[in-house]
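*Asks:*
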Amino acid sequence: MKRAIFTSMTALGLTLASMNTFANNVIRLAHDSQETSPVHKAMLHFEKELEARSNGELEVEIYPARQLGDVRETTELVQQGNLQMTFGASVLLSPYVPEFNVLDVFYLFEDEAQAHKALDSEKIGKPLLNSMESKGFHGLGFMEVGFRSITNNKQPIESIEDLNSLKIRSASNPTQISAWKSVGTAPTPLSWGEIFTSLQQGLINSQESAVYSIYAERFYEAQEYLSLTNHIYTNYVLFMNKEFWDSLPSDQQALINEVSQETIVKQRQLAATQNQEVIKELEAKGMTVNVVPTDVRSQMKEKMNAAVYQELRSKTGEDLFDSVIAEIEQL
310 MKRAIFTSMT ALGLTLASMN TFANNVIRLA HDSQETSPVH KAMLHFEKEL
360 EARSNGELEV EIYPARQLGD VRETTELVQQ GNLQMTFGAS VLLSPYVPEF
410 NVLDVFYLFE DEAQAHKALD SEKIGKPLLN SMESKGFHGL GFMEVGFRSI
460 TNNKQPIESI EDLNSLKIRS ASNPTQISAW KSVGTAPTPL SWGEIFTSLQ
510 QGLINSQESA VYSIYAERFY EAQEYLSLTN HIYTNYVLFM NKEFWDSLPS
560 DQQALINEVS QETIVKQRQL AATQNQEVIK ELEAKGMTVN VVPTDVRSQM
610 KEKMNAAVYQ ELRSKTGEDL FDSVIAEIEQ L
C-alpha cells in the first residue's frame, strides 16, 4: 500500500511536476475524504483488487485527506493529466460538467434504491457520465454520500412555518440561495470551513448536510435538532483522466470498469451502514432527531423547485434535463 506525506508546498510541487513522467500503469488517485470514511475504505478495495487481478500490470497510489487538495484542485489535476483518478460530489463538479446540474433538483429521488437504479441506468446515469468526455474526463460511476437534512438550535421542523426562524448556511451559489429563500429561511453564504464557528457564534442557527458530515464536523456541539428532510441526494462521481483512459488497452479498461462497479456497490453498502449508525450516535450526543412529515416535504419540494427549476434546466441543457427527469419519473 502506497501513501504520500507532504511536508512542504515545495515537495508537493515537485511531486506534481514529476507525475506526468511516470509509467502508464500507475493510477494516482487523490481525494479529500478522511481515511476513516466509507469512500476511502472502498478505494482501498479498488487498489487491492485492481492490482491483484491485473497481475501487477496496474498499480494504484492513493492520496487521501486533501494531501493533493480539495475536490476542485484534484479535479483540475485530473483534467490536466497530473492525476489519473479522483471523485467528487456532482454539485461540486457542475462548474466543469454543467450537465450535472439536473442532479440538484430538490427531492429528485424518493430513496437510495431509486437513486442507485437511476444513476446506474443506461438512460440516466450513462448520458450524464458521457457528458464528462468532452471536458477531459472519463466517468466510471456514482458512489454515495446520502440524503441531506437540516439541523438547527430553535425547534424540530414539523411544519413549513418552522423554517421561517432559521438563519441557514448556504453555499455561495445564487441558485441555492433562491431555493432556501423560497421556503422562508434566511440563507447566509459561507464556505464549508466557516460553518462550525458561525454556528457557535450565532451568525447562523442552522445548516444542511449529509448526516455523516453532521457527525464528522461535530455540528452536534452547536445544534440541538436534526430534522430528516432528505431534501437532496448527494453522490460521489468516480472518474479518470480521459487521455489516460484512452491510452489503456481494452482489457485493462474492462478490468478497471469491472473493479470500479464492484467498488461502487461496496462503497454504497459501507455508506448506508455508517449513515444508520451515525443517526444513533447523534442521538447519543444529545440531538433530538425527527422525521419531517410528508406534507411538509411536499411543500418544500414544490417551493424550492419552483425557485430553481428553470435555471437548472438551462444550465443542464434542456433536452438532457427533460430526458433525465422523464426517465426518473418512470422509475
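The numbering of the sequence shown is this note's numbering, which starts it at 310 and goes up by one.
For each residue, glycine too, the CB sits at the ideal point set by N, CA and C.
Nothing here was measured: the structure is a model prediction, and the numbers come from that model.
#1: Which two residues bound the contiguous beta strand (DSSP E) that contains Glu453?
#2: Between the Cα of Gln376 and the Cα atoms of Tyr405, Gln510, Glu344, which residue gives the shortest distance?
#3: Give the DSSP-derived three-state secondary structure of Ser518 in the structure shown.
#4: What are the uninterrupted segments assigned as alpha helix (DSSP H) that are 4 or more residues long and contained completely in the stretch 366 to 449, given in chain order?
#5: Would you please state the rounded distance, in angstroms, between the beta carbons of Val546 and Ser399? I believe it to be under 8 Å.
#6: Using beta-carbon positions only, say whether Pro465 and Ser481 come within less than 7 Å of one another.
#7: If you check the beta carbons only, do Lys476 and Asn514 fall under 7 Å apart?
#8: Just confirm the distance between the C-beta atoms of Val617 and Ala488, as a whole number of angstroms; I'd bet it's less than 8 Å.
#9: For Arg606, collect the residues of the same chain with a Cβ closer than 8 Å to its Cβ; drop the 5 residues on either side in sequence, then sort them by chain order.
#10: Val600 by DSSP, collapsed to three states: which one?
#11: So, at 8 Å on beta carbons, what are the nonlocal neighbours of Glu592 in its own chain, with the 5 sequence-adjacent residues on each side left out?
#12: Hey, quick one: how far does the alpha helix (DSSP H) through Ile486 stretch, first residue to last?
#13: Between Gln389 and chain D, is any beta-carbon pair separated by less than 7 Å?
#14: With distance defined between alpha-carbon atoms, name the residue in Ala495, Met394, Val587 nearest to Tyr524.
*Replies:* Judging by the given coordinates:
#1: Where Glu453 is concerned, the enclosing beta strand (DSSP E) stretches over 446 to 461.
#2: From the listed residues Tyr405, Gln510, Glu344, the smallest Cα separation to Gln376 is found for Glu344.
#3: In the three-state reduction of the DSSP assignment, Ser518 falls in the strand class, which pools E and B.
#4: Taking only runs of at least 4 residues, the alpha helix (DSSP H) segments lying wholly in the stretch 366 to 449 are 380 to 389, 399 to 402, 421 to 428, 434 to 439.
#5: At roughly 5 Å, the Cβ-Cβ gap stays under 8 Å, so Val546 and Ser399 are in contact.
#6: No, these two residues do not count as a Cβ contact at 7 Å.
#7: Cβ distance < 7 Å, so Lys476 and Asn514 count as in contact.
#8: A Cβ-Cβ distance of about 5 Å is found for the pair Val617 and Ala488, placing them in contact under the 8 Å criterion.
#9: So the qualifying residues of the chain are Tyr416, Thr538, Asn539, His540.
#10: The answer is strand: DSSP assigns Val600 an E or B state.
#11: The residues are Val598.
#12: Here the alpha helix (DSSP H) through Ile486 covers 483 to 491.
#13: The chain inventory of the structure shown lacks chain D, comprising one protein chain alone.
#14: The shortest Cα separation from Tyr524 among Ala495, Met394, Val587 belongs to Val587.
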